[in-house]
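Visitor:
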Amino acid sequence: MEPNESPLFVQALATGLGVLDAFTAERPTMNLKEISEAAGVTKSAAQRFTHTLVTLGLLRKDAASKRYSLSPRTLDTGYRYLQAHVLLERANPYLLDLNRQTGETVNLAERDGHEMVYIGRFPSPHRAVVHMPVGRRLPIFCSSAGRAFLSALPDEQIRHILTGVDRPRFTPHTITDVETLTSIIAKVRETGFAYSIEEFYLSDLAFAVPVYNIRGEAVAAVNLSVSTAYWSFERAVAELVPKLIHTARMISTTPPTFRAMEPFQIGYGKVRDVPYDKP
Numbered sequence: 001m002e003p004n005e006s007p008l009f010v011q012a013l014a015t016g017l018g019v020l021d022a023f024t025a026e027r028p029t030m031n032l033k034e035i036s037e038a039a040g041v042t043k044s045a046a047q048r049f050t051h052t053l054v055t056l057g058l059l060r061k062d063a064a065s066k067r068y069s070l071s072p073r074t075l076d077t078g079y080r081y082l083q084a085h086v087l088l089e090r091a092n093p094y095l096l097d098l099n100r101q102t103g104e105t106v107n108l109a110e111r112d113g114h115e116m117v118y119i120g121r122f123p124s125p126h127r128a129v130v131h132m133p134v135g136r137r138l139p140i141f142c143s144s145a146g147r148a149f150l151s152a153l154p155d156e157q158i159r160h161i162l163t164g165v166d167r168p169r170f171t172p173h174t175i176t177d178v179e180t181l182t183s184i185i186a187k188v189r190e191t192g193f194a195y196s197i198e199e200f201y202l203s204d205l206a207f208a209v210p211v212y213n214i215r216g217e218a219v220a221a222v223n224l225s226v227s228t229a230y231w232s233f234e235r236a237v238a239e240l241v242p243k244l245i246h247t248a249r250m251i252s253t254t255p256p257t258f259r260a261m262e263p264f265q266i267g268y269g270k271v272r273d274v275p276y277d278k279p
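Residue numbers (our numbering): 1 to 279.
(1) Is the beta carbon of alanine 218 closer than 8 Å to that of valine 211?
(2) Mapping the DSSP letters down to three states, classify methionine 116 as helix, strand or coil.
(3) Jot down the residue ranges of each uninterrupted alpha helix (DSSP H) in the segment 41-91, minimum 4 residues, whole runs only, in chain order.
(4) Might you give, ordered along the chain, the residues of its own chain that have their beta carbon closer than 7 Å to the beta carbon of proline 154, omitting 5 neighbours on each side?
(5) For the alpha helix (DSSP H) containing valine 19, list its first residue and its last residue.
(6) Please give me, in chain order, every unbroken run of the alpha helix (DSSP H) with length at least 4 that falls completely inside the segment 95-178.
(7) Assign phenylalanine 233 to one of three DSSP states: helix, strand, or coil.
(8) Where phenylalanine 258 and arginine 189 are concerned, what is the direct C-alpha to C-alpha distance, given to the nearest angstrom?
(9) Can you give the Cα-Cα distance for aspartate 97 and threonine 50, rounded to whole angstroms?
(10) Given threonine 280, which residues of its chain have a CB within under 8 Å of its CB, disregarding the five upstream and five downstream residues?
(11) Let me check understanding here. Comparing Cα to Cα, which of Asn223, Ser124, Pro139 lies closest to histidine 246?
(12) At the level of alpha carbons, what is the spacing between alanine 291 and alanine 194?
(13) Around the Cβ of arginine 169, are there at least 16 other Cβ atoms within 10 angstroms (buried) or fewer (exposed)?
(14) Pick helix, strand or coil for isoleucine 245, following the three-state DSSP scheme.
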């Protein structure tokens, strides 16, 4: 039985949330006709839902244009989620420490379906490759955080996820072939870290390491993002990745055993072992 076929499922609530979800960066404001089309409801239903949502303070209506937009109150649920997030609270001091040591952008991401959601972020004080606010979602198949998370899953589950998700080419460098992706993810288990080179954003070089819970299950990934204008892959692996691995280990309740930072061949040349000494 599908979830929406259960007698416990409240369709009206789901539709109301669908109206809120219809507002996006591409559709920041809409009139009733546009809302009905975007949410897949009749215009009269859109009128009832928007009236209710305005009354609850979740939508705002411009008196002159009659157009609707999300209100700041829609942030409340997400804010409470972050406030109550035990892992994020545990991770924040370590993320900040890594950010200060490297001077580069550090994130914490967790999986939601076929995407990785950034729930913690400390941007570089010097430069930012892209604007990535908390709550931003990246595809699991082409992001370093997604590949780090996938590396902790069984091979069959990895393949099931990769074949079941859309894999568009966001840049000329995006890898979409399932076999290649599977091989890349398998390599993460040997090296201890995942990477992505300009696969979602141009000029973005990103690394990530999985974070584990007490049962040894991946629950998130620590991500470090730098600009290809300032960092080569080899230099970043030598100078930044050991610190990133150390940070993920400190956040994890019980880190797994892997041969982190042993010499290995990755297709970009031999990377030597660089131990991490915390200052």
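Every residue gets a Cβ at the ideal spot worked out from N, C-alpha and C, and that includes glycine.
Guide: According to the structure shown:
(1) Against a cut-off of 8 Å, the Cβ pair of alanine 218 and valine 211 comes out as a contact.
(2) In this structure, methionine 116 counts as strand in the three-state DSSP scheme.
(3) Within the segment 41-91, the complete alpha helix (DSSP H) runs of at least 4 residues fall at 43-55, 75-83.
(4) Counting only Cβ-Cβ distances below 7 Å, and skipping sequence neighbours, we find nothing.
(5) 11-21 is the span of the alpha helix (DSSP H), which, as asked, contains valine 19.
(6) Segments of the alpha helix (DSSP H) lying fully in the segment 95-178: 144-150, 155-164.
(7) Phenylalanine 233 falls in the helix class under three-state DSSP.
(8) The pLDDT assigned to phenylalanine 258 is 46, lower than 50, so where the model puts this residue is not dependable; a value taken from the coordinates is nonetheless given after this. Between the C-alpha atoms of phenylalanine 258 and arginine 189 there is a straight-line separation of about 7 Å.
(9) CA-to-CA, the gap between aspartate 97 and threonine 50 works out to about 44 Å.
(10) Any property of residue 280 remains undetermined from this structure, which presents the chain solely from 1 to 279.
(11) Closest option to histidine 246, Cα to Cα, is Asn223.
(12) As displayed, the chain neither begins before 1 nor continues past 279, which places residue 291 out of reach and without an answer.
(13) Burial is judged here by how many other beta carbons sit within 10 angstroms of a residue's own beta carbon; arginine 169 has fewer than 16 and is exposed.
(14) Here DSSP, grouped into helix, strand and coil, assigns isoleucine 245 to helix.
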